[in-house]
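Student: Structure provided below as C-alpha cells; questions to follow.
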Amino acid sequence: MFKEFETKFDILNKTIILPNIQEFYIKKENIKEVLRYLKNSPETIFSRLDCIIAKDNSKNFTVSYILNSDTYNTKCAISYYLDYEEAETVSISDIYKNATWDEREIYDLFGIKFNNHPNLKRILLPDSFKGNPLRKDYIANDERLKWNND
Amino acid sequence: MMKDSNGIMTKTSERTMLINIGPQHPSTHGVLRMLVTLSGEQIIKIEPIIGYLHRGMEKMAETRTYLQYLPIVDRIDYLSGFFCSYAYISAIENLINTDIPIKAKYIRTLTMEMNRISSHLLWLGCYLLDLGATSPLFYTFIEREKILNIFEDLTGSRMMYNYYTFGGVKRDIDKELLIRIKKFSKEFLKAVQEYEDLITNNPIFLTRTKNIGILSKEDATEYSITGANLRACGIQKDLRKDSPYLIYNNLEFSVPTGTISNSHSRYIMRIKEMKESNKIINQCTDWLLSNIEDNEINTKINPLTIKPNGAALGEVESTRGLLQCYIEANGTEFPNRIKWRTPSFYATQAINTIAKGFMIPDLMAIFGSLDIIMPEVDR
Amino acid sequence: MNIILSTIDAISNWARSNSLWPLTFATSCCGIEMMSVSASDYDIARFGSEVFRASPRQADLLIIAGTITHKMAPLLLKLYEQMPELKYVIAMGACACSGGMFKNDSYSVVYGADKIIPVDIYLPMCPPKPEALIDAIRKLQSEIKKESLTTRKELIAKHKSKLKIQDDLDILIQEDVNIFKMGI
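Protein chains in written order, with our numbering: chain A, 504 to 653; chain B, -10 to 368; chain C, 29 to 212.
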C-alpha cells in the first residue's frame, strides 16, 4: 500500500506501533508535502487526522501525526524529530481543520511554536501560567501554587 | 446611528452584542464557557473556552507504575468507565503479548454494553431537561438505578468500577446475577417503548429539534467526528464491525445509520443503539448461563514484572465515539508518555460550524444533542 | 428576654433548616451522584430541597461537587460572595475535601476547597453514595438548629475572615476582563 509513497519521499526509519500500525520517520521540512500527498493519492486516501502526539525523549522532541483512512480501513503514523533549542515547526491547519486545537494544546503543554497558526494561545491552562508542564525539566514555579501551602 | 465600544459611529442594524455563557450553568454539561456574538437573536460566532477541569492526568502517568495508574483511568470519562479501562488495558496487553480466556471476553462485552445503555439513559434525561421538559428525567433514572445496582453487586461500586485487570477480570459472575440481568433486559424493552410514546411524536419536541444543527458529511470528516453524530450523516463507520475486537465477530447485531444529521436524527440514532445493545446483552447472558462451570477468568500475571518496550495504541468504540490510548514504554516500570484521544474534544471544536446562523434558544438544543462531556475534553 | 429570644430562635432555625435550596454547581463525577439524589429513587425533595436553583442570588446552600482547579478557583469565590447571608457549604467528595487522588502529583488542582472558601461539612468517599449525601444534609440541619440570633453577627464575621485569595483576586478579575475584551 505504501510502495509509491516510499519511492517518492526519503524515509529515515520505519517502526511499528502495536497492533499493526506502520510508523514512518521523515525530515521536518517535508511534512506538508507528505501529508498532502497522503490525503489525495488514490492508493492511500487518508481522509482524517485522528490526533497529533508530542513526546519528550530527554534529548529531543518527537511529533507524530496519526492518520486514518475510511476507504481502506487502515491507519498510519508520520513522525519527525525536533531539537530542544529551536522548537518551531509549521502548522497543518489548512490541510486538516481539526489540527488547530491539537496544536494549541501542544504549544500550551510543551512550548513548541507553530508558524502560520490562526490563533496560537494557551487553551487548557490559565493564560498567565508560567512554564510548560509536560517537559521533563519542568520546575513548578507559578504563583497560584502557593494557595496549596499550609 | 449609535456609537459602539470603540467610539465609531455605526448603523443600528450593524451593532453586535457579546454574551458570556459562563462556566456555572445548569445545562453546559460540566464547566464549559462560551463567548457568543449575537446580532439581534441570531448567532454570528461562538468561541468555546475550555480548561476549567484540567487535572493533569497525562503528567501523572510518568511517576506511577502501570498498576498504580489503573484506578485513575476510570475518571477520564466517568459515565463510561469500562470503556476507558478497556482502552488502557488492551494497549498494555498488546505490549506484553498475552491472551485472555474466552469467558473473560464475554464478561467484558456484557459489562461494556450495559454501560452504553446507562450512559445513553442519562443523556436522554438531561437533554430533555435542557429543552424544558422535566418528566423524562425521572423515568429514565429508574432504569439507570437498576443497572447501577447490578454493577454494585458485581464490582463493589456504582460508578468507578476498577474491575478489569491485566489478563482478564477480577471476580467471577454468578448465576443469580445473570438471571437478574435477563429479567432487566425484558423490562427494558417495555421502558424504551414508553419513552418513545412520550417523546418522539411530541409536537413541541419536533419543532425544537427538526432542521436544527445540521452537520454535513464533509465537515464531519474534516473535523474527525465519530460515533452516533457521524452515523446520522450516512457514513457507516463503527469499530465493532470494521475491525472487531473481543467477540463481536460471533454476535448478531446491526449498526443503525441515518440520512441527514440534525438534532432530531441524532436522538433517533441513540434510541436505536440502545435497542441493539439490548440484543447483545441477551446473547452474552445466554452463553454465560450455558458455560457456568468454566472457572478461568484471568491469566495470572504478576504486575511487578511488567516492564515492556515499544509503543502501542488501544482503541474502543465508546458511547461518544472513537476513544484511543497511546502508550510509549522504555523498558522501565514507569511509562514514558500516555496520550488520550477523546471524541468530545473534536465535537466541541466543531460547534462554531454547526451552530452558526441559528437563534440563541436553539443553542442548547444543538449542544445537548452532540453528547459532550467535559472531563474528556480537558483530561 | 431570653425566653422570648429562644422561642424565636427555635422557630427561625426550624424554618430555615427544613427548606435549604441548593445551587447547581457540579464540576466533575460527584455531580452525577448529586443528580441521582434529586431524581426518583433517592428523593431529596422530601427533606426540603424542593428545587435546585440556577442563580446564586436565590440559593442558600452550596454543594461543591467535583475537583476545583486553579482556573476555576476565582469563579468559585465570586459565586460564594454573590450568595445572600446566611449560607452554608458542603464539600462533597474526596477532591473537594482535600484534593483526593490528585494530591501528590497534579500541577493544576487546588488541594481542597477549603483553601478558598470556608466549609461547614466534609463528606468523603469517591464518589459518595446518594444515601451519604442525604446523611450529610441531615447533619447540617441538626447543626443549624443549634444556632442563635445573638451570635449571628459573629458567625458572619468569622466566615469573612477565612476568605483567603482576596489579594490575588484583582489580578485574576483583570485577566477575565481581558478575555472578554478580545472577543469584541
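For every residue, glycine included, the Cβ atom is placed at its ideal position computed from N, Cα and C.
Values in this document were obtained by computation on a predicted structure and should not be read as measured data.
Roughly how many angstroms lie between the CA atoms of A/Ile514 and A/Gln525, to the nearest whole one?
Tutor: Looking at the two C-alpha atoms, the distance is approximately 12 Å.
Student: Which term fits B/Pro332, buried or exposed, when burial requires 16 or more other beta carbons within 10 angstroms of its beta carbon?
Tutor: Buried, since its Cβ has 16 or more Cβ neighbours within 10 Å.
Student: Please decide whether C/Lys99 counts as near chain B, where near means a Cβ-Cβ distance under 8 Å.
Tutor: Answer yes: the Cβ-Cβ gap between C/Lys99 and chain B drops below 8 Å somewhere.
Student: Considering B/Glu304, what are the terminal residues of the beta strand (DSSP E) in which it resides?
Tutor: That run of the beta strand (DSSP E) goes 298 to 306.
Student: Among residues of its own chain, excluding the 5 on either side of B/Leu42, which ones have a beta-carbon nearer than 7 Å to its beta-carbon?
Tutor: Taken in chain order, the residues that qualify are Gly19, Val20, Met363, Pro364, Asp367.
Student: Would you identify the three-state DSSP class for A/Phe527, choosing helix, strand or coil?
Tutor: Reduced to three states, the DSSP call for A/Phe527 is strand.
Student: Return the Cβ separation of C/Leu114 and C/Leu48 in integer angstroms, given the expectation that the two are a contact with Cβ distance under 8 Å.
Tutor: Not really, about 11 Å apart at Cβ, beyond 8 Å.
Student: Is the CB of C/Val79 under 8 Å away from at least one CB in chain B?
Tutor: No, because no Cβ of chain B sits closer than 8 Å to the Cβ of C/Val79.
Student: Buried or exposed for C/Val138, going by 16 or more other Cβ atoms inside 10 Å?
Tutor: Buried, by the Cβ-count rule.
Student: Can a CB atom of chain D be found closer than 8 Å to the CB of B/Arg255?
Tutor: Given the protein chain composition of this structure (A, B and C), no chain D is represented.
Student: Which residues in chain B sit within 7 Å of A/Asp556, going by Cβ to Cβ distance?
Tutor: The amino acid occupying residue 556 of chain A in the given sequence is Ile; Asp does not appear at that position. Under the 7 Å cutoff, chain B gives Tyr315, Lys328.
Student: How about A/Pro545: is its C-beta nearer than 8 Å to some C-beta of chain B?
Tutor: Answer no: the Cβ-Cβ gap between A/Pro545 and chain B never drops below 8 Å.
Student: How many Å lie between C/Met153 and B/Asn86 at the Cα?
Tutor: C/Met153 and B/Asn86: Cα-Cα distance of roughly 36 Å.
Student: With burial defined as no fewer than 16 other Cβ atoms inside 10 Å of the residue's Cβ, what is the status of C/Thr178: buried or exposed?
Tutor: That one is exposed.
Student: Could you check the C-alpha separation between B/Arg64 and A/Leu637 for me, to the nearest Å?
Tutor: Those two C-alpha atoms are separated by around 20 Å.
Student: Report the residues of the stretch 607 to 630 of chain A with a CB closer than 7 Å to any CB of chain B, ordered along the chain.
Tutor: Correct list: Ile626, Leu627, Leu628.
Student: Which residues does DSSP list as the beta-bridge partners of B/Gly157?
Tutor: DSSP lists B/Thr154, B/Asn287 as partners of B/Gly157.
Student: Taking only beta-carbon positions, decide if B/Pro332 is within less than 8 Å of chain C.
Tutor: Not an interface residue.
Student: Span of the beta strand (DSSP E) holding A/Cys579?
Tutor: That run of the beta strand (DSSP E) goes 578 to 585.
Student: Hey, is C/Ile212's beta-carbon within less than 8 Å of any beta-carbon in chain A?
Tutor: Model confidence at C/Ile212 stands at a pLDDT of 46, short of 50, so the residue's coordinates are unreliable; what they give is reported in the following sentence. For C/Ile212, the answer is no, since every Cβ of chain A falls outside 8 Å of its Cβ.
Student: For a test of your reading of the model: does the CB of B/Ile340 fall under 7 Å from any non-hydrogen atom of the ligand PLP? Yes or no.
Tutor: Ligands in the displayed structure: none, and consequently the ligand PLP is not present.
Student: Which residues in chain A have a C-beta closer than 9 Å to the C-beta of B/Asp231? List them in chain order.
Tutor: Under the 9 Å cutoff, chain A gives Asn576.
Student: Exposed or buried, C/Ile31, counting other C-beta atoms within 10 Å across all chains shown (16 or more means buried)?
Tutor: Exposed is the call here.
Student: From A/Asn651, A/Asn543, A/Asp559, A/Arg551, pick the residue whose C-alpha is nearest to that of A/Asn635; which is it?
Tutor: Checked all of A/Asn651, A/Asn543, A/Asp559, A/Arg551; the closest Cα to A/Asn635 is A/Asp559.
Student: Whole angstroms is fine: what's the gap from B/Glu102's alpha carbon to C/Ile184's?
Tutor: Looking at the two C-alpha atoms, the distance is approximately 51 Å.
Student: Give a yes or no on whether the C-beta atoms belonging to A/Leu570 and A/Leu552 are separated by under 8 Å.
Tutor: Yes, Cβ-Cβ distance for A/Leu570 and A/Leu552 is below 8 Å.
Student: List the DSSP bridge partners of A/Asp559.
Tutor: A/Phe564.
Student: Under the rule that 16 or more other beta-carbon atoms within 10 Å means buried, what is B/Lys94, buried or exposed?
Tutor: Buried.
Student: Hey, would you say C/His98 sits closer than 8 Å to C/Ser126, going by beta carbons?
Tutor: Not in contact: C/His98 and C/Ser126 (Cβ atoms no closer than 8 Å).
Student: Within the continuous alpha helix (DSSP H) that includes A/Tyr540, where are the two ends?
Tutor: Unbroken alpha helix (DSSP H) run through A/Tyr540: 534 to 543.
Student: Mind pulling the chain C residues with CB within less than 9 Å of A/Pro636?
Tutor: Under the 9 Å cutoff, chain C gives Tyr135, Ser136.
Student: Look at the alpha carbon of B/Arg330 and the alpha carbon of A/Glu606, and state the distance between them as a whole number of angstroms.
Tutor: So the alpha carbons of these two residues sit roughly 14 Å apart.
Student: Along the chain, which unbroken stretches of the alpha helix (DSSP H) at least 4 residues long are found entirely within the stretch 193 to 279 of chain B?
Tutor: If we require 4 residues or more, the alpha helix (DSSP H) runs fully inside the stretch 193 to 279 of chain B come out as 206 to 211, 217 to 220, 228 to 231, 252 to 279.
Student: Please identify the residue among A/Ile609, A/Phe505, A/Lys542, A/Ser544 whose C-alpha is closest to the C-alpha of A/Phe527.
Tutor: Among A/Ile609, A/Phe505, A/Lys542, A/Ser544, the Cα nearest to that of A/Phe527 is on A/Phe505.
Student: At 7 Å on the CB atoms, spell out the chain B contacts of A/Lys600, in chain order.
Tutor: Going along chain B in sequence order, the residues near A/Lys600 (Cβ under 7 Å) are Glu211, Tyr212.
Student: Decide if C/Trp42 is buried, meaning its Cβ has at least 16 other Cβ atoms within 10 Å, or exposed.
Tutor: So C/Trp42 counts as exposed.
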